[in-house]
Structures are given as C-alpha cells and as structure tokens.
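One structure below.
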Amino acid sequence: MERASASLWRRINERYNLVGNKCENCGKIYFPKRIVCRQCGRKTKMREEKLSGNGKVYAVTKIRVPAQAFKDSAPYTVAVVELEEGPRVEGHVVDAGNGEVKIGTKVHSVFRKMHADGEEGLIYYHFKFEPV
Ligand SMILES: [Zn+2]
C-alpha cells in the first residue's frame, strides 16, 4: 500500500515538472519516462531529463462538447505539442487571447488547475500550454 502510494507521488512529480528521461546510447528523449529505449530496442542506460516545456503545436482542436470534468471550461483548446527536446505531449492550451492557436504556434508549459471534484472536492493540477 505504502509502496503504491510512493510510486503514485513519484509519477505526479514527473508529470508536474515535465521530467522525462534520455537514452545514453542514442540520445533519444522520452516523456513519460521509458525503461527501454524504443530506438535501441534493448535495455540501455536511461538518465532523468528535465524538459524545458518549450515547443510548438503539432496538432490542435477546439473542444465544444467537453467531458463532465471540464464542463465549466468549454469551449477549450487541446493540442499535441512537440517539445523542443522531441517528445510530443497532449495538453490544454490556455490564455490564447483572441489569437488563434495553429499548427506551428510556439508555446511553453504552465502549471494550472485542471478540474475539481465538485464545489469543495479535490482540485487537480496539470501542466497546460500557453502561446509565447
Ligand atoms: Zn536509445
């Protein structure tokens, strides 16, 4: 039980801080972390790597009919962002103002509230992206 909880918290830290890892053999960077390098196809030495959070929009869509948890924030923009280190991650795009978020728009990660369980429930946080 304690072990499962420690593992969960370690993962939360990685997610909150955009910590991935890098294969010391070929240099490929992963997020989330991988034990085995997909490129080398075998167990190589993987080193922890903090990602910059800077990247550009690879694909983007606007959500008008949201999942229940995000009903208060619709419509909102979700993008696949290609980080400058290589990994592609999905995240909400915030504070876009009136500017349109398009493929190629430069963004950086910010730490924001994701959703809450009811009025007084748990508040969940996650990284999101903001145009630069
Ligand atoms: Zn590798």
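Here the sequence shown stands for residues 537 to 668, numbered as in my numbering. Even for Gly, the Cβ is constructed at its ideal location relative to N, Cα and C.
Do you know how far the Cα of residue j is from the Cα of residue i?
i                 : j              : result
isoleucine 571    : methionine 582 : 7 Å
valine 614        : valine 630     : 9 Å
lysine 569        : glutamate 636  : 32 Å
glutamine 575     : lysine 642     : 27 Å
leucine 587       : glycine 640    : 19 Å
glycine 657       : proline 667    : 30 Å
valine 601        : tyrosine 594   : 22 Å
phenylalanine 663 : serine 645     : 6 Å
Reducing DSSP to helix, strand and coil, say where residue i ends up.
i                 : result
isoleucine 548    : helix
phenylalanine 606 : helix
asparagine 561    : coil
Tell me whether residue i is buried or exposed, calling it buried when 16 or more other Cβ atoms sit within 10 Å of its Cβ.
i                 : result
tyrosine 661      : exposed
phenylalanine 665 : buried
tyrosine 552      : exposed
phenylalanine 671 : With the chain covering 537 to 668 only, the question about residue 671 has no answer from this structure.
glycine 563       : exposed
asparagine 549    : exposed
glycine 591       : buried
glutamate 584     : exposed
lysine 558        : buried
isoleucine 659    : exposed
Output the residues surrounding ligand 1, defined as those with a CB atom closer than 6 Å to any ligand heavy atom, in chain order.
Those residues are Cys559, Asn561, Cys562, Lys564, Cys573, Gln575, Cys576, Thr580, given in chain order.
Curious, which full-length beta strand (DSSP E) runs of at least 3 residues does the segment 572-640 contain?
The segment 572-640 contains, as complete beta strand (DSSP E) runs of 3+ residues, the segments 582-586, 590-599, 612-619, 624-629 (chain order).
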